[in-house]
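Residue numbers (the UniProt record's numbering): 1 to 311. C-beta atoms are modelled at their ideal positions from N, C-alpha and C, and glycine is treated no differently.
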């Protein structure tokens, strides 16, 4: 009797278990029968999820904006560094030139080329000069007396022998008369003065000074660089074709000069400005092939110019 009751309870438990299992299976089938992604859709449509996504988009946009600004700042710093490095190289070259001179005044010059102390043999551009036909008389001539005036008690001019002719006035005040100072001084003095005028943007005066240096000291070691700056002075005045010819001559006569890579850079730049892109690109290629050990400053300038010319 007791065994029958126990067996009946066992059978009843099995029935309940089976019913629960069947019900769970039915629910599982119902869940699997839902459209795919319906559970995910319920989550995505939550307002909090939308807010997080929007915030993420804003943060990503801000990051991209900051990255762009950082790249721009890096590019500006790189250009400033290249420009400063280029100027320091030129100053260092000028310092070495000054130190190699035998004249005592050259050794006492300020190392800043832009603030060169005037040398007695090389008057500054502010000193009045007169132009004469004799080159030997053009060296640092002192101001001349233009004449005398006689004034009455009322301050009126009543006489005198002052020469007010246009030619005399021009010779006394014309700024171009400073070119006469280029005929005096050593090669170092002329180079230093000419380079100073290049830095100041006074290309006309610089051109005449460098021409005088080349003519007076054709065998001086500074001639190669002087001809380079002569070409740069001509270029600064807008005479591109003439500047290109001078640069090409410098490249031909001094293929091993320290400024040879930069000379090719200048030739390529001018050719590009003149519209001859093919010649410009070939020139840039030649510079990189012939002078693999060129300074990083010149190399970077060449790459920038290649990009501008779309080589």
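By how many angstroms is the C-alpha of residue j removed from the C-alpha of residue i?
i, j, result
"residue 287", "residue 254", "14 Å"
"residue 233", "residue 311", "27 Å"
"residue 242", "residue 84", "28 Å"
"residue 48", "residue 59", "17 Å"
"residue 264", "residue 193", "25 Å"
"residue 198", "residue 248", "20 Å"
"residue 88", "residue 295", "13 Å"
"residue 272", "residue 203", "22 Å"
"residue 62", "residue 81", "28 Å"
"residue 279", "residue 285", "10 Å"
"residue 244", "residue 266", "8 Å"
"residue 196", "residue 237", "16 Å"
"residue 200", "residue 277", "31 Å"
"residue 77", "residue 90", "20 Å"
"residue 219", "residue 235", "24 Å"
"residue 46", "residue 281", "60 Å"
Does the beta-carbon of residue i have 16 or more other beta-carbons within 10 angstroms, so that it is buried, or is it exposed?
i, result
"residue 215", "exposed"
"residue 50", "exposed"
"residue 259", "buried"
"residue 306", "buried"
"residue 268", "buried"
"residue 270", "buried"
"residue 290", "exposed"
"residue 332", "Lying outside 1 to 311, the shown extent of the chain, residue 332 is not represented and no answer is given."
"residue 92", "exposed"
"residue 303", "exposed"
"residue 57", "exposed"
Of the choices the options, whose alpha-carbon is the least far from that of residue i?
i, options, result
"residue 251", "283, 56, 235, 213", "283"
"residue 274", "217, 309, 303, 298", "309"
"residue 185", "244, 224, 256, 217", "217"
"residue 261", "236, 220, 293, 235", "293"
First and last residue of the alpha helix (DSSP H) that includes residue i?
i, result
"residue 311", "No alpha helix (DSSP H) holds residue 311; DSSP gives it neither H nor E."
"residue 196", "187–199"
"residue 236", "223–236"
"residue 203", "203–216"
"residue 266", "260–273"
"residue 239", "Run containing residue 239: none; DSSP gives neither H nor E here."
"residue 219", "Premise fails: residue 219 is in no alpha helix (DSSP H) and is neither H nor E."
"residue 280", "277–290"
Assuming residue i and residue j make a contact with CB atoms under 8 Å, what is their CB distance in whole Å?
i, j, result
"residue 212", "residue 190", "6 Å"
"residue 227", "residue 246", "7 Å"
"residue 187", "residue 222", "5 Å"
"residue 86", "residue 300", "At roughly 10 Å, the Cβ-Cβ gap does not stay under 8 Å, so residue 86 and residue 300 are not in contact."
"residue 257", "residue 206", "Between residue 206 and residue 257 the Cβ distance is about 19 Å, and since that is not below 8 Å, they are no contact."
Output yes if chain C places a C-beta closer than 9 Å to the C-beta of residue i; else output no.
i, result
"residue 81", "Annotation note: the requested chain C is absent from the structure, which comprises a single protein chain."
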